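Heads up, the sequence shown is in the working numbering, so the first residue is 1 and it goes up one at a time.
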Amino acid sequence: MTTATLEQITAIADVGARHWQPFDATSPGGIPFSGFLCRQESDKLGMLAVTALDGQERLEFIPAMPKIHYPYIQDREGRLQVSIPVPINVTDARFNVKLDGTAIIFYPLKDAAGQVLEVVARTRLLPMLMPSRWGDWNGMLAEALPDRGPVEAAVRGQDVVLVFELWGYRNPHLVRYDTPLALTLHTAIRHRKPVSYRRLADIAGSYGLDMAPTLEVAVPDADGLAAAYRRWQARLEAENQAAGQDVFVQEGAILMLSTAETAEYWKCKPPSIEEIHWQADQHISKEIVRQALLKLVESGHDFAAGTVEAVNALLEVDYQPQDVAAEAELIERVVLDFVVELQRQEWLRGLVDASGLDPHDLPALMRHLSEHYPRKEMGWVYATVKTLYGVN
């Protein structure tokens with residue numbers, strides 16, 4: 001990659017050079033491609049700037065999933081008010097379920113003539129799914145989507161990038177799910193813009209893809225939407241409170257405003273979730289550090305070394321360096337606990353694989369594993385096997 005290429009990318013994308021991470025990859029189909037990945041927390045987060053494909057120089061921008069913002073403004077007293085701009089050409093307004101998992105993005109690799117050579121799957125912070133000791137994205141995707149044919153046909157036939165959520169207790173985040181693993185469509189991007197709900201539903205219906213459920217179809221009126229926004233915040237908060245202390249069963253909703261062809265998104269989360277995810281005027285908490293660690297898992301980070309430094313770099317996107325330094329002890333403790341848990345899971349996975357036993361034959365597997373763990377740890381072993389292997 002030449003400096004001139006990066007300068008060209010920054011000029012076109014209007015994103016500074018420090019936000020572009022170089023990559024060099026070979027697709028599952030054997031196509032080498034390279035370029036830069038945007039890590040700026042903006043609507044360009046995760047965008048790929050492909051500068052070489054199959055030995056040919058080029059410059060192509062491939063969108064990922066835009067960062068979604070809250071519809072808040074401050075009044076004269078500094079209080080946050082919901083303010084949702086509604087363009088006059090909006091034809092559909094709806095609140096859809098926000099699922100808490102990992103974004104899996106399917107996008108086309110095209111030749112110079114625009115022909116699709118291969119449809120590639122990736123996370124938001126990687127150019128493609130890659131094997132990892134800490135997160136078997138390929139394995140989980142294959143389990144949630146045994147037949148990729150319809151998804152690949154949709155990407156090719158509709159000239160879109162498709163974004164799914166890979167969610168369930170086998171891919172644990174903040175929300176607690178009873179479902180082991182599922183893949184749900186929530187966004188299609190064409191010409192770098194999310195398509196309208198009607199277009200998205202047409203794609204899902206034509207190719208048999210599961211879509212994120214709609215909670216409410218609303219009137220596209222600014223005041224009415226603001227009231228509905230607060231109503232859904234309260235309702236989802238009540239469901240979380242009813243689930244018990246520090247238990248979350250709803251992450252929130254996405255307000256989708258559609259014109260005939262395109263859509264805009266607004267984030268709607270209950271206050272208890274908002275306090276964790278929304279960084280403004282907040283201290284660094286254990287959960288915020290954990291969310292940074294989950295981002296590292298999704299970006300293929302090697303947890304064998306340099307994890308504290310990587311977490312600090314992520315936190316400094318939202319916090320001043322002195323604030324991050326002030327929480328050094330908390331960060332190091334959470335990182336240590338997280339890495340130890342990953343190592344324990346890796347060791348357990350090795351024992352299960354070496355046993356040759358079917359993970360779904362729990363009685364036999366538990367008898368075997370009880371030879372390797374003290375009785376007080378068997379509860380953890382049982383729960384972790386269910387998470388790792390999707391055992392009911």
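Glycine included, C-beta positions come from ideal geometry on N, C-alpha and C.
As the structure is a computational prediction, the values presented were derived from the model and not from experiment.
Asked                                                                                                                   : Found
Sheet register partners of Phe95 (DSSP bridge)                                                                          : Glu216 and Leu255
Segment limits, beta strand (DSSP E) that includes Phe23                                                                : Trp20 to Thr26
Alpha-carbon spacing of Gly300 relative to Pro22, whole angstroms                                                       : 14 Å
Buried/exposed call for Glu403, threshold 16 Cβ in 10 Å                                                                 : Within the shown structure, residues of the chain are numbered from 1 to 392, placing residue 403 beyond reach of any answer.
Paired residues, beta bridge with Gln56 - DSSP                                                                          : Leu53
Start and end residues, beta strand (DSSP E) containing Phe106                                                          : Thr102 to Lys110
Terminal residues of the alpha helix (DSSP H) in which Lys286 lies                                                      : Lys286 to Glu298
Three-way DSSP call (helix, strand, coil) for Val151 in this model                                                      : helix
Lys193 versus Phe106: straight-line alpha-carbon distance, rounded                                                      : 15 Å
Short Cβ contact (8 Å threshold) for Leu174 with Glu251                                                                 : yes
Those runs of the alpha helix (DSSP H) which lie wholly inside the segment 220-269 and span at least 4 residues         : 222-243
Closer than 7 Å: His173 CB and nearest the ligand MG heavy atom                                                         : The ligand MG is absent from the structure shown, which contains no ligand whatsoever.
Beta-carbon separation (whole angstroms), Ala182 vs Ile203, contact threshold 8 Å                                       : Actually they do not touch by this definition, with Cβ atoms about 18 Å apart.
Cross-strand partners of Val82 (DSSP beta bridge)                                                                       : Tyr72
Start and end residues, alpha helix (DSSP H) containing Gly35                                                           : Where Gly35 is concerned, there is no enclosing alpha helix (DSSP H), although the beta strand (DSSP E) it sits in stretches over Pro32 to Cys38.
Below-8 Å beta-carbon distance, Pro85 vs any chain D residue                                                            : Within the model displayed, chain D is absent; a lone protein chain is all it includes.
Reduced DSSP category for Phe303 - H, G, I as helix; E, B as strand; rest coil                                          : coil
In DSSP terms, what Pro194 is bridged to                                                                                : Ile189
Run of the beta strand (DSSP E) containing Arg122, from where it starts to where it stops                               : Val116 to Arg122
Euclidean distance between Cα positions of Leu365 and Tyr207                                                            : 39 Å
contact_flag[the segment 311-320, the segment 356-372] where n(CB pairs < 8 Å) is 3 or more                             : no
Three-state secondary structure (DSSP) of Gly182                                                                        : According to the sequence provided, residue 182 is Ala. The question's Gly does not apply to it. The answer is strand: DSSP assigns Ala182 an E or B state.
Whether Thr123 touches Thr91 by CB criterion (8 Å)                                                                      : no
Spatial distance of Arg148 from Arg79 (CA atoms)                                                                        : 47 Å
Alpha-carbon spacing of Ala25 relative to Lys286, whole angstroms                                                       : 34 Å
Pairwise C-alpha distance: Glu261 and Glu332                                                                            : 47 Å
Neighbourhood of Ala280 by C-beta distance below 7 Å, restricted to the same chain and skipping five residues each side : Confidence at Ala280 is low in this model, with a pLDDT of 42, below 50, so the placement of that residue should be treated as unreliable; the coordinate-derived value is given next. Counting only Cβ-Cβ distances below 7 Å, and skipping sequence neighbours, we find nothing.
Length of the line joining the Cα atoms of Ile84 and Pro213                                                             : 22 Å
Length of the line joining the Cα atoms of Trp266 and Trp232                                                            : 13 Å
Integer-rounded CB distance, given that Leu166 should sit under 8 Å from Ala144                                         : 6 Å
Spatial neighbours of Met128 in its chain, beta-carbon cut-off 8 Å, leaving aside the 5 residues before and after       : Ala25, Ser27, Pro28, Val120, Ala121 and Arg122
Simplified DSSP state of Thr3, which is helix, strand or coil                                                           : Here the model assigns Thr3 a pLDDT of 49, short of 50, so the residue's position is not dependable and the matter cannot be decided.
For Glu165, the first and last residue of its enclosing beta strand (DSSP E)                                            : Val161 to Trp167
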